[in-house]
Amino acid sequence: MSTQTDTAFGWNREQMAQRAALDIPNGAYVNLGIGIPEKVAQYVPEGREVIYHTENGLLGMGVAPEPGQEDPELINAGKKPVTVIPGAAFFHHADSFAMIRGQHIDICVLGAMQVAKNGDLANWSTGAPDAIPAVGGAMDLVAGVKTIYVITQHCTKNGEPKLVDSCSYPLTGQSVVSRIYTDLAVIDVTEDGFVLVELAPGVGFDYVQARTGATLIPGQQLAG
Amino acid sequence: MTMIDKRIDSVTAAVADIFDGATVMVGGFGEAGSPIELIHALIDSGAKNLTVVNNNTGSGHVGLAALIENKQVGKMICSFPRTANSTVFPDLYRAGEIELELVPQGTLAERIRAGGAGVPAFYTATSVGTPLADGKELRNFQGRDYVMELGLKADFALIKCERADRYGNLVYNKTARNFGPIMAMAANITIAQTGSQVEVGAIDPESIVTPGIFVDRIVTVADPAQESKLVAAGRSYP
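Line by line, the protein sequences give chains A and B. Take the position in the first sequence, starting the count at 1, then add 19; the result is the number in this note's numbering. Take the position in the second sequence, starting the count at 1, then add 454; the result is the number in this note's numbering.
In structure tokens form, the structure reads like this:
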């Protein structure tokens, strides 16, 4: 048995998803992006009924099927096998994106390469000349869904800030992000810029500021 | 008296008049809804310099990826040309041997729907302020900027459904529906491969997803190949 003190520092991927899930209200229609955002569904608190949309054409997406029960014609936007809940509906692609572009979906949670202090999001291309450009539904989601949440590591693998004054990568959408969940903090995008509303365990404000490419404003919850 | 009968005996006959330079919409999102037997028949036909509309660019060396690999496609119109299991499109694209028109997925769907509905263009907030809006007309409605996008039509659509009758009324299977109904509307000639054929009247009119007016040919493929299984087995076509 270790005698070292087990001091928590920051949030891991599961905990980031868990924290974001607290902000998914009862009755919401939600679209979850690939990666950490997908994990949000397993952490929505008991007693809340949430309907998951997947843009390839399903409302009422359920959990992954048991091994051996996969159906190649029942998949999600990440092309992984899924199941349906009772009350689910299938529809074609134009209807599915009318749900998105017509502002019928309440919340979208997705990943980011960069978020600017005005809510600009870059998450589809680094602009590298040899890259194969691929956008999928990201631009439709951020332009059409009522509330956009981002889950991302606070910095890149090279330690570069992902929260910045202005995005250097090509944009996915302008002024679209409302809130960002990172491994270090929860940060709101406001008219004044980034407001740090919650710190992960063991993390201080200055530590987060040093790893952010724009000024952080301490939220009221942190004051005093 | 000639009865309305859109049934065709073989996939070969169904695609025989697809000509060089045609625009062909191909249904499917990944392998779900991909009309793989019709695509393979198109490979056999040899039609070339095609413009193909699909969300992706296929995977492995079968289906759409094989059509591209066989150098029959001059241009892809799609939203997500990368896949985990295919190097076919990326290699040709990097070599400058295939053209790409990248379209946001919802804009792609709406352009197809508009094309099928006789709407030549429309405005959308999607892509405003991004490189994909470059060169396109912007217009402000009620304080928000929108970009103009053009409706998209095709000479042919190849789609996959679960059930069909001789009128061409179609029912799909789960998320394999995806682009089928709108591509059927947008193409001059829509060719549907169906898992089964039923008598006219056997499909509840309340349950018909694509009304037969949008469909020109149906061909039965009772036991369609599964793209992921072919890829896993290392298969290629032809």
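C-beta: ideal position from N, C-alpha, C; glycine also. In this text, all values refer to a predicted model and were calculated from it rather than measured experimentally.
Residue state for G528/B is assigned as strand, using DSSP reduced to three classes.
A contact is defined here as three or more CB-CB pairs under 8 Å, and the stretch 534-549 of chain B fails this definition with respect to the stretch 563-580 of chain B. CA-CA distance, G605/B to N632/B, rounds to 18 Å. Closest in C-alpha terms to L241/A, from the list V222/A, G232/A, A233/A, comes V222/A.
Taking the Cβ atoms as the reference, A646/B lies roughly 5 Å from I613/B, within the contact range of under 8 Å.
Secondary structure at L129/A: strand, using DSSP grouped into helix, strand and coil. Inter-segment contact for the stretch 491-508 of chain B and the stretch 650-660 of chain B is absent: fewer than three beta-carbon pairs are separated by less than 8 Å. Closer than 8 Å to the CB of K98/A there is at least one CB belonging to chain B. The DSSP assignment places 490-499 as complete runs of the alpha helix (DSSP H) inside the stretch 484-517 of chain B, in order along the chain (cut-off: 4 residues). Segment contact: the stretch 150-159 of chain A against the stretch 105-112 of chain A, fewer than three CB-CB distances shorter than 8 Å; contact not assigned. Within the model, the alpha-carbon separation for A36/A versus G130/A is close to 11 Å.
Between A96/A and the set A486/B, L504/B, D471/B, the nearest pair of CA atoms involves A486/B.
In the DSSP secondary-structure assignment, E555/B is bridged to I531/B. Boundaries of the beta strand (DSSP E) harbouring S650/B: 641-651, taken from the DSSP string.
Comparing alpha carbon positions, the residue from E551/B, K525/B, A520/B, L556/B closest to N539/B is A520/B.
Scanning its chain for C-beta atoms nearer than 8 Å, with the 5 sequence neighbours on each side dropped, one finds around I662/B the residues N623, L624, V625, in chain order.
Counting other Cβ atoms within 10 Å of its Cβ, S650/B stays below 16 and is therefore classed as exposed. For the pair V601/B and T73/A, the Cα-to-Cα distance works out to about 25 Å. For H112/A, the residues of chain B that pass the 7 Å Cβ criterion are A563, N632, F633, I636, in the order they occur in the chain. The Cβ-Cβ distance between I497/B and V527/B does not fall below 8 Å.
Of all residues in the stretch 579-612 of chain B, only A579, T580, S581, V582, G583, T584, P585, L586 place a beta-carbon less than 8 Å from a beta-carbon of chain A. Not flagged as an interface residue toward chain A: E491/B, since no C-beta distance is shorter than 8 Å. Around the beta-carbon of S690/B, fewer than 16 other beta-carbon atoms lie within 10 Å, marking it exposed. Residues Q133, A135, G232, A233 of the same chain have their beta carbon placed closer than 7 Å to that of V183/A, with the five preceding and five following residues left out of the count. DSSP, read as helix, strand or coil, puts Y62/A in helix. Out of R593/B, L556/B, G597/B, Y621/B, the CA that lies nearest to the CA of A150/A is found in L556/B. Between the C-alpha atoms of G482/B and G634/B there is a straight-line separation of about 7 Å.
Residue environment: T648/B is assigned as buried (16 or more neighbouring CB atoms within 10 Å of its CB, all protein chains considered).
In the pairwise beta carbon analysis, the stretch 461-477 of chain B is classified as touching the stretch 499-507 of chain B: at least three pairs are separated by under 8 Å. Residue environment analysis places R32/A among the exposed positions, since fewer than 16 neighbouring C-beta atoms fall within 10 angstroms of its C-beta. The alpha carbon of A638/B has as its nearest neighbour, out of K607/B, A495/B, P678/B, V685/B, the alpha carbon of K607/B.
With respect to the C-alpha of C532/B, the residue from A579/B, P574/B, T584/B, V478/B having the closest C-alpha is V478/B. Distance from H173/A to D202/A at the Cβ level is roughly 6 Å; contact confirmed, criterion being Cβ atoms closer than 8 Å. For the options P86/A, I94/A, E65/A, G29/A, the alpha carbon positioned closest to that of G79/A is the one of I94/A. In the same chain as K529/B, and ignoring 5 residues on each side of it, the C-beta atoms closer than 6 Å to its own belong to T505, E553, in chain order. In the structure shown, Y547/B adopts helical secondary structure according to DSSP, grouped into three states.
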